[in-house]
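To start, the structure under review is shown below, and the notes come after it.
Residue numbers (the numbering used here), protein chains in the order written: chain L, 201 to 545; chain C, 201 to 545; chain H, 201 to 545.
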């Protein structure tokens, strides 16, 4: 892939930052202090890193105002980390499919795709589905009938959105994410065996939500499954039917949340945790990694372990557990002592 | 999406139920008591819910015979829940791709697709593969060479079936499910490193099985991996090579079963549980959520925890664990007492 | 699917093995001793199995030199298991899409695909992407812009490779695997909520790596996520941004490794284990099934449980835990005895 090459002074103009030193140095990438070469931009935000800058091969640096950069070409910034990632976006832009609707994409006659949207090859937009302005569907993304996707969304390759689900604006679905599959709800069949409940609910995803690769969010049975504004979901997460996830919730990889559970705003569910159905978590709660939650978690509470315990209790119990084999021996010794007592009576 | 609108009397005729009150009320959806609006049908199955019906905005209700519906238009039913979901199927039918074989689907010359089957855009049916009557393949579903799919199956978007696997009738594969990937079996390589065993087994899925979104079922090494009739598998479940799962087994989200394990009929494996390879579980066994099973589980037994214990033992141990930090202090107190005894001797 | 039929003498020639007995027996498959029919080849590697050969219906057998095969047609081998799987490869070859670039595949004008590569229908090779000699992309595999895939790779249906990631030679990605999705890294937003860090890193996968079905490997934030030569990854595994996995590492199903963790060569991470970010594991370490690792694991160390403990400690603690309810009673008895002592003073 051809790399973007850009002059430091031009970069400064784009980022609205001040140049210090040679404005004509040419840059073609971004890198950390240790990995940067002469064509790379790097950044330093405090004096500790400024020392390591001397050994760096970086062609230029974004540095906090006042930090010594030993003469290296620099852009001065009040927030070097933020401005560095702004620069990164220029050097390594996000990958997009070709603009417009690819000839190999299929849009149902009854669907509506905004003229500024971008559909990769192999996409399918089903009957009655809608795709908003500037939204990107990568290759083989599939929207079932009646799905609505807002503006500025990115649906990566192989994503599936079913069940007439509704996505707000700036929603990102990573490759392979599945939104709106049937919930795992069955009733006993008269003839024996299990019969799936016919689901009519949707998944509603509000603005600024990210869903990770190969994660799954099931549609509601009657009402909707709902993911609140700003919530971020990592890879391989499972969210069952009729869950209601609040705003700015963070759910880390491989966590699972069973049906109809409510996770309130700003709560964090760590990796590989599991939450039983019909519970209420948070707001501002913290479910530790690998925790197994089977009871409600109150506002701001932190739980760990499986079954769940308050954080401090869990640390105490785990520390005590490591002393348990020794404790068994100590109690045996006490019992022998007691028996001697008895015998001597 | 245009909503279905239907007159109560017509709905009654379709469901073969009796109307009570205004037969001409127009309905366009189904909803729970609390969420229903004037265009919605709801249901009540007992007196407790009948009270809440007064506050409901529902346009009509499916109610148990004899329940007071306070004059609201009603359909009388012996099983309101079941008939409600029958009605739901009319208002919100399952989404299907356009009938027939979509122009953008690819069917190998040596494949055979029943004329009543329905293939969405981007599907691929490989050499020698067979698709039965009324079976639906949604967009980008892929059947490798030699795969056989029975009648009335639904393979959702992005599904992959490989390894000449065989699906019975009425099998549902949710989006992203992968059936027939290579098993995770290796032998040491003469030159060092690991070499994959060449797999020749298939996956055989019997009638009425559901497989959840992004779940994976690996092909057998020599013999087949087998999923028995009526078994229901949730999302993100992993079933390894040569497992044999019985009939009417339930496997909940994110559970994993290692190679060659047998899970007998009507057993339940709860969410995030893990079962080691070469074990035998059930029949009618229950593996609790997050359990780690490394030994056989007998018929009808219930195990919890990791490593697994009988249900009652596990509850006792977890309760005892919460008292362990206190126990350490109590034993220390006893030891101090005993030492005093010793000193006073 | 038409089955391959092959004469025993021809098979012997292909495998370079010696025939014993009727060289004209026709074979059409491979099977285990118990499942083999008259058209099947089976194998025996020691005397224990040779006894069971008498009851087998197998048409022919690959047997260790000198083992009694009771007159059955045989191929003599120094390593019957290895030669059996070599034969299996002849009877049940791996499934491939049609040779060449399928008419329904899309190759960007700026991409480069080796003329010996094989692309199934619905594949997309993005701008600047490269596909090496003899590499196979099954249906609907997607390569984003700038991705590089070496020689003799197999990318199964529905695979997605993004972020200009680089795959070596003989890499296998099972169906639905996602390589190069965005990492789960956010910074607080000035206006509240979370903003994703713009990632510029790639995933680099070295030679002879296998990645399982629906597994996910995220791209690096600044530097790359790296999977070392010969490493084997099972299904539904999650590897986060900037992890560095060594050579010949084995990572079993549903395990998860958080950001920037290093797993050194020849380590094994068992199923459903979880490893926190920024740790160092191994080399030659063993992380037990369902272990929760939150601290470094030294070279060759074996850890179990969550939180992690050395193997022996864990076994002791789990055994002790089962005695804890009894221990509580014993301590109570001691306390009663001590109190009696006190009272008698």
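Where is the CB? At the ideal position from N, CA and C, for every residue including glycine.
Counting along the chain, where does the alpha helix (DSSP H) carrying residue i start and finish?
{"i": "residue 214 of chain L", "result": "208–215"}
{"i": "residue 531 of chain L", "result": "511–544"}
{"i": "residue 264 of chain L", "result": "Unbroken run through residue 264 of chain L is the beta strand (DSSP E), 260–264; no alpha helix (DSSP H)."}
{"i": "residue 287 of chain H", "result": "280–291"}
{"i": "residue 251 of chain C", "result": "247–253"}
Return the chain-ordered list of same chain residues with a C-beta closer than 6 Å to the C-beta of residue i, the five sequence neighbours on each side being excluded.
{"i": "residue 205 of chain C", "result": "226 and 228"}
{"i": "residue 393 of chain C", "result": "none"}
{"i": "residue 348 of chain C", "result": "330 and 366"}
{"i": "residue 359 of chain L", "result": "341, 373 and 377"}
{"i": "residue 474 of chain C", "result": "456 and 492"}
{"i": "residue 507 of chain C", "result": "492 and 494"}
{"i": "residue 324 of chain H", "result": "306 and 342"}
By Cβ distance, which residues of its chain are closer than 8 Å to residue i, with the 5 residues on each side in sequence left out?
{"i": "residue 535 of chain C", "result": "none"}
{"i": "residue 224 of chain H", "result": "207, 208 and 209"}
{"i": "residue 281 of chain L", "result": "243 and 245"}
{"i": "residue 283 of chain L", "result": "215, 217, 243, 262, 275 and 277"}
{"i": "residue 238 of chain L", "result": "257, 258 and 259"}
{"i": "residue 271 of chain L", "result": "221"}
{"i": "residue 298 of chain C", "result": "318 and 320"}
How would you write the range of the beta strand (DSSP E) that residue i sits in, first residue to last?
{"i": "residue 386 of chain C", "result": "386–388"}
{"i": "residue 241 of chain C", "result": "240–244"}
{"i": "residue 556 of chain H", "result": "Past the edges of chain H, shown from 201 to 545, lies residue 556 of chain H, and the structure says nothing about it."}
{"i": "residue 381 of chain C", "result": "378–381"}
{"i": "residue 416 of chain C", "result": "416–418"}
{"i": "residue 394 of chain L", "result": "394–396"}
{"i": "residue 405 of chain C", "result": "403–405"}
{"i": "residue 503 of chain C", "result": "502–504"}
{"i": "residue 220 of chain H", "result": "218–220"}
Return the Cβ separation of residue i and residue j in integer angstroms, given the expectation that the two are a contact with Cβ distance under 8 Å.
{"i": "residue 240 of chain C", "j": "residue 258 of chain C", "result": "5 Å"}
{"i": "residue 490 of chain L", "j": "residue 505 of chain H", "result": "Rounded, the Cβ-Cβ distance is 11 Å, inconsistent with contact."}
{"i": "residue 438 of chain L", "j": "residue 453 of chain C", "result": "5 Å"}
{"i": "residue 322 of chain L", "j": "residue 340 of chain H", "result": "6 Å"}
{"i": "residue 530 of chain C", "j": "residue 531 of chain H", "result": "6 Å"}
{"i": "residue 521 of chain L", "j": "residue 521 of chain C", "result": "7 Å"}
{"i": "residue 337 of chain L", "j": "residue 517 of chain H", "result": "Residue 337 of chain L to residue 517 of chain H, Cβ: 51 Å. No contact."}
{"i": "residue 368 of chain H", "j": "residue 350 of chain H", "result": "5 Å"}
{"i": "residue 334 of chain L", "j": "residue 363 of chain L", "result": "About 24 Å separates the two Cβ atoms, so there is no contact after all."}
Return the chain-ordered list of same chain residues with a C-beta closer than 7 Å to the C-beta of residue i, the five sequence neighbours on each side being excluded.
{"i": "residue 397 of chain C", "result": "385, 386, 387 and 421"}
{"i": "residue 414 of chain H", "result": "376, 377, 435 and 436"}
{"i": "residue 514 of chain C", "result": "504 and 505"}
{"i": "residue 201 of chain L", "result": "For residue 201 of chain L, the predicted model reports a pLDDT of 47, less than 50, meaning its position is unreliable and no value from the coordinates is stated."}
{"i": "residue 254 of chain H", "result": "270"}
{"i": "residue 267 of chain L", "result": "244, 247 and 250"}
Applying a beta-carbon distance threshold of less than 7 Å, which residues of chain D neighbour residue i?
{"i": "residue 534 of chain L", "result": "Absence of chain D from the displayed structure is noted, the protein chains being L, C and H."}
Next on the checklist: For the region 399–407 of chain H against the region 427–438 of chain H, do three or more pairs of beta-carbon atoms, one drawn from each stretch, fall closer than 8 Å, so that the two count as touching?
Outcome noted: They touch, by the three-pair rule.
Checklist entry - Hey, is the region 479–496 of chain L in contact with the region 457–470 of chain L, meaning 3+ C-beta pairs nearer than 8 Å? => result Judged by Cβ distances under 8 Å, the region 479–496 of chain L makes contact with the region 457–470 of chain L, as three or more pairs qualify.
Next on the checklist: Count Cβ pairs between the region 342–359 of chain H and the region 414–425 of chain L that sit closer than 8 Å; are there 3 or more?
Outcome noted: The answer is no - the region 414–425 of chain L does not touch the region 342–359 of chain H, with fewer than three Cβ pairs under 8 Å.
Checklist entry - Unbroken beta strand (DSSP E) runs of length 3 or more, entirely within the region 420–461 of chain H: which are they? => result List check, beta strand (DSSP E) in window: 425–427.
Item to check | Inter-stretch contact at 8 Å, needing at least 3 Cβ pairs: the region 246–266 of chain L / the region 315–323 of chain L | outcome: In short, these stretches do not touch, since the Cβ pair count stays below three.
Checklist entry - Is the number of C-beta pairs between the region 466–476 of chain L and the region 442–455 of chain L that are closer than 8 Å three or more? => result They touch, by the three-pair rule.
Item to check | Three-pair Cβ contact test at 8 Å for the region 371–384 of chain L versus the region 378–395 of chain C | outcome: Judged by Cβ distances under 8 Å, the region 371–384 of chain L makes no contact with the region 378–395 of chain C, as fewer than three pairs qualify.
Next on the checklist: Any contact between the region 273–290 of chain C and the region 299–306 of chain C? By contact I mean 3 or more CB pairs, one from each, below 8 Å.
Outcome noted: Contact between the region 273–290 of chain C and the region 299–306 of chain C is absent: fewer than three C-beta pairs spanning the two stretches fall below 8 Å.
Next on the checklist: List, from N- to C-terminal side, the alpha helix (DSSP H) runs of 4 residues or more that fit wholly inside the region 313–340 of chain L.
Outcome noted: Whole alpha helix (DSSP H) segments, 4+ residues: zero.
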